[in-house]
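A.B. asks: One structure follows; several queries about it will come next.
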Amino acid sequence: MDVGVFGGTFDPPHVGHLVVARDALEQLDLDRIRFVPARRSPFKEGPGAAPPEARFEMLRRAVENEVDFEVSRTELDRPPPSFTVDTLRAFSAEAPDVRWTLLLGEDQWRSFGEWREPIEIGRLARIAVLTREGRDALERAPELGVPFVQVPVTRLDVSSSDLRRRLKERRSVKHLVPDAVREFIESKELYAPC
Ligand code: ATP
Numbered sequence: 619m620d621v622g623v624f625g626g627t628f629d630p631p632h633v634g635h636l637v638v639a640r641d642a643l644e645q646l647d648l649d650r651i652r653f654v655p656a657r658r659s660p661f662k663e664g665p666g667a668a669p670p671e672a673r674f675e676m677l678r679r680a681v682e683n684e685v686d687f688e689v690s691r692t693e694l695d696r697p698p699p700s701f702t703v704d705t706l707r708a709f710s711a712e713a714p715d716v717r718w719t720l721l722l723g724e725d726q727w728r729s730f731g732e733w734r735e736p737i738e739i740g741r742l743a744r745i746a747v748l749t750r751e752g753r754d755a756l757e758r759a760p761e762l763g764v765p766f767v768q769v770p771v772t773r774l775d776v777s778s779s780d781l782r783r784r785l786k787e788r789r790s791v792k793h794l795v796p797d798a799v800r801e802f803i804e805s806k807e808l809y810a811p812c
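Heads up, the sequence shown is in my numbering, so the first residue is 619 and it goes up one at a time.
Have a look at this one:
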């Protein structure tokens, strides 16, 4: 069994996340994708951010019709800060036969050298860097020599920060997030202007 691990803040989750996850699943021949919402430290939550439980619920709704997508609570249930190496250790201990692939956006890959125990992360999981389709190969890895594969994916021009801005301005996010996510945002008045 091959499982992809896709971490992020997902504040809120959007179609860009779902499209890359589907691309990665297909291109890497994975069986499942496990989304892992991060537990930010309280001082990083900042104004206009959704609380962890709301981000979890939005993600759960975003993947509810996708049989091969799932959402993990692991980082929400541990005290912050969340370290990927601990998450992968927990996953491997629970399911030692699974082959794990850590999906990293190019932004995450650029800072990977500063993450806690990057070499150990590379031992626990194959690292797949999601690159915009048509882009040249990544020139070089962060200095560590951690092996990685590069996966060309479709990158839609949408970001969570752009969506938060839209919602604050009371503009529509229809088609940019799944309907079930939009309904939850509206019912809880997340990201609304004060
Ligand atoms: P923000 O705008 O708040 O920084 P984000 O949309 O980048 O948020 P994250 O939850 O931080 O969302 O994203 C998790 C991962 O998804 C990151 O590695 C990021 O590279 C990737 N990602 C985000 N948006 C897209 C997109 N439109 N297409 C492909 N990958 C994306």
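Glycine included, each C-beta is placed from N, C-alpha and C at the ideal position. All figures in this text were calculated on a predicted structure; none of them were measured in a lab.
Along the chain, which unbroken stretches of the beta strand (DSSP E) at least 3 residues long are found entirely within the region 627 to 691?
C.D. replies: Fully enclosed beta strand (DSSP E) runs of 3 or longer: 650 to 655, 687 to 689.
A.B. asks: Around the Cβ of D629, are there at least 16 other Cβ atoms within 10 angstroms (buried) or fewer (exposed)?
C.D. replies: Burial call: buried.
A.B. asks: Can you give me the Cβ contacts of R744 inside the same chain, cut-off strictly under 6 Å, excluding the 5 residues immediately before and after it?
C.D. replies: Excluding positions up to five away in sequence, the list reads T719.
A.B. asks: Tell me whether S790 is buried or exposed, calling it buried when 16 or more other Cβ atoms sit within 10 Å of its Cβ.
C.D. replies: Flag for S790 reads exposed.
A.B. asks: Tell whether a beta-carbon distance below 9 Å holds between L748 and G731.
C.D. replies: It is not a contact, given that the beta carbons lie outside the stated cut-off.
A.B. asks: Would you decide whether A711 is buried or exposed? Buried here means 16 or more other CB atoms lie within 10 Å of its CB.
C.D. replies: Exposed is the call here.
A.B. asks: For I745, list the residues DSSP reports as bridge partners.
C.D. replies: Per DSSP, L720.
A.B. asks: Determine the contact status of V716 and A746, defining contact as a CB-CB distance below 9 Å.
C.D. replies: Not in contact: V716 and A746 (Cβ atoms no closer than 9 Å).
A.B. asks: CB of T627 to nearest heavy atom of ligand 1: below 8 Å?
C.D. replies: Yes, Cβ of T627 sits closer than 8 Å to a heavy atom of ligand 1.
A.B. asks: Can you give me the start and stop residues for the beta strand (DSSP E) that V791 sits inside?
C.D. replies: Premise fails: V791 is in no beta strand (DSSP E) and is neither H nor E.
A.B. asks: Could you pull out every residue in the same chain whose Cβ sits closer than 8 Å to the Cβ of L694, ignoring the five residues on either side in sequence?
C.D. replies: Result list for L694: P655, R657, P670, E671, F674, in chain order.
A.B. asks: For R652, which residues from the same chain have a beta carbon less than 6 Å from its beta carbon, with the 5 sequence-adjacent residues on both sides left out?
C.D. replies: If we look at R652 and ignore the five residues flanking it on each side, its Cβ neighbours are V621, V623, E688, S690.
A.B. asks: Taking only the alpha-carbon atoms, compute the straight-line gap between A810 and V764 and give it to the nearest angstrom.
C.D. replies: Computed Cα separation, rounded: 42 Å.
A.B. asks: Can you give me the start and stop residues for the alpha helix (DSSP H) that V764 sits inside?
C.D. replies: No alpha helix (DSSP H) contains V764, which DSSP labels as neither H nor E.
A.B. asks: Less than 9 Å separating the beta-carbons of L813 and P796?
C.D. replies: It is not possible to answer for residue 813, since the shown part of the chain is limited to 619 through 812.
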